[in-house]
Amino acid sequence: MRNILIYALFFVAFTTSCAAQSIDSVQITPPDSVAGWYSGNPVPKQKFKVLPFIAPAVLIGYGFAAVYDHGALQQLDLSTKAELQEDHPLFAAHVDDYLQFAPAAAVYALNLSGIKGKHNLFDASMLYVTSAAIMGASTHFVKQGVGRMRPNGNGENSFPSGHTASAFMAAEFLHQEYKDVNPWIGYAGYFVATATGTLRMYNNKHWFSDVVAGAGFGIASTKIAYLVYPYIKSVFTNKKGGNFTFMPFHQQGSTGLMLSGRF
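Taken in order, the sequence shown gives residues -19 to -1, 1 to 244; the numbers are from mature numbering (1 follows the signal peptide of the UniProt record, and there is no 0).
As structure tokens, this is what we get:
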């Protein structure tokens, strides 16, 4: 029962973050003519709002508090691990290695099926890459700085959970792109991300507070990316005569994406 309450509170924090953003954020709606992989039209800039960042900050703050706490928060980590391992001592499912990418994959699947999101695929891809860069850098340096032992004793890089951060980064990406198209699509990624974090604990790879903080890092990374990307893109599109394209390519022995341009 205690774990059910913990997970319920955990999910409430995520939906609060989404609700706050829908109330207090500037909407970005591309022109109707935007289609395909790339459009030279600039992405409208958002104004920084404090409210959407409150929930991620609380999640991250809770994680840091638990790392250095020797009281109730530490006991919650220990008791959660003990209960999960007692109920499922042989649990070893590694679907979380792939599940973390599912919300981002859904953005591409929906676009390719004709259900367009907020941005064309080029801008959406660059937003996802920007989010991943912010998330990867922030979690890497925090892992190195904190040096927390994993619950299974396999490494001192437990805090925060990188898989959970990646999953919630992708969930926020899906939410940003489709919250105005269909609210259920926008929120669906959070169910998948919550499952990813739960599996990290069942696999004895992370403490509860690692997962909570990872969610905060992931959500915040995507929110920051949506703030800074318009400025990054403007560096290229504001140059007179500038033109660049983004397209898939295939040649013998390799497949990938190609960015080409003229400045």
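Note that beta-carbon positions come from the ideal geometry of N, C-alpha and C, so glycine has one too.
Remember, predicted model here, so these are calculated numbers, not experimental data.
May I have the straight-line CA-CA distance separating residue i from residue j, to the nearest angstrom?
{"i": "H51", "j": "L59", "result": "11 Å"}
{"i": "I205", "j": "F154", "result": "11 Å"}
{"i": "S49", "j": "G126", "result": "In the sequence as displayed, the identity of residue 49 is Tyr instead of Ser. Going from the Cα of Y49 to the Cα of G126 covers about 13 Å."}
{"i": "V24", "j": "K214", "result": "8 Å"}
{"i": "M107", "j": "E67", "result": "43 Å"}
{"i": "A90", "j": "S112", "result": "19 Å"}
{"i": "I96", "j": "D104", "result": "16 Å"}
{"i": "K160", "j": "F72", "result": "35 Å"}
{"i": "A47", "j": "K99", "result": "37 Å"}
{"i": "D77", "j": "H144", "result": "7 Å"}
{"i": "P211", "j": "A85", "result": "20 Å"}
{"i": "F34", "j": "S94", "result": "32 Å"}
{"i": "Q2", "j": "A114", "result": "Bear in mind that the predicted position of Q2 carries a pLDDT of just 43, short of 50, making it unreliable; the figure below should be weighed with that in mind. Rounded to the nearest angstrom, the two C-alpha atoms are 22 Å apart."}
{"i": "V216", "j": "G128", "result": "38 Å"}
{"i": "residue 257", "j": "L32", "result": "No information on residue 257 is available, as it lies outside the stretch -19 to 244 that the chain covers here."}
{"i": "V162", "j": "Y79", "result": "26 Å"}
{"i": "P169", "j": "Q55", "result": "The residue asked about is misnamed: residue 169 is Ala in this sequence, not Pro. So the two alpha carbons sit approximately 31 Å from each other."}
{"i": "V123", "j": "A146", "result": "12 Å"}
{"i": "T61", "j": "A83", "result": "26 Å"}
{"i": "N92", "j": "A176", "result": "24 Å"}
Count the other CB atoms within 10 Å of the CB of residue i; is the residue buried (16 or more) or exposed (fewer)?
{"i": "N184", "result": "buried"}
{"i": "Y19", "result": "Note that Y19 has pLDDT 48, beneath the 50 cutoff, so the model's placement of it is unreliable and no number is given."}
{"i": "V110", "result": "exposed"}
{"i": "A63", "result": "exposed"}
{"i": "H69", "result": "exposed"}
{"i": "A118", "result": "exposed"}
In terms of alpha-carbon separation, which member of the options lies closest to residue i?
{"i": "L53", "options": "G195, K26, S190 and Y207", "result": "The residue asked about is misnamed: residue 53 is Ala in this sequence, not Leu. For A53, the nearest C-alpha among the options comes from S190."}
{"i": "L180", "options": "A118, A46, L65 and R129", "result": "L65"}
{"i": "W165", "options": "K62, K186, A47 and A87", "result": "A87"}
{"i": "A74", "options": "M182, V216, N163 and K62", "result": "M182"}
Mind reading off the beta-carbon distance from residue i to residue j? Whole number of angstroms is fine, and I expect it under 8 Å.
{"i": "residue 270", "j": "G195", "result": "Residue numbering for the chain in the displayed model covers -19 to 244; residue 270 lies beyond these limits and cannot be assessed."}
{"i": "M116", "j": "G42", "result": "Contact flag wrong, Cβ pair sits at about 17 Å."}
{"i": "Q157", "j": "T203", "result": "7 Å"}
{"i": "L208", "j": "Q27", "result": "5 Å"}
{"i": "N138", "j": "K186", "result": "Not confirmed; about 10 Å, so no contact."}
Between which residues of its own chain and residue i is the CB-CB distance below 6 Å, once the five residues before and five after are set aside?
{"i": "A174", "result": "A148, F149 and A152"}
{"i": "A201", "result": "P37"}
For residue i, which residues in the same chain have their Cβ closer than 7 Å to its Cβ, ignoring the five residues on either side in sequence?
{"i": "L57", "result": "F189"}
Taking 8 Å as the limit between beta carbons, can you name the residues of its chain near residue i, skipping five residues before and five after?
{"i": "G44", "result": "F140, P141, S190, D191, V193, A194, G195 and G197"}
{"i": "G136", "result": "M130"}
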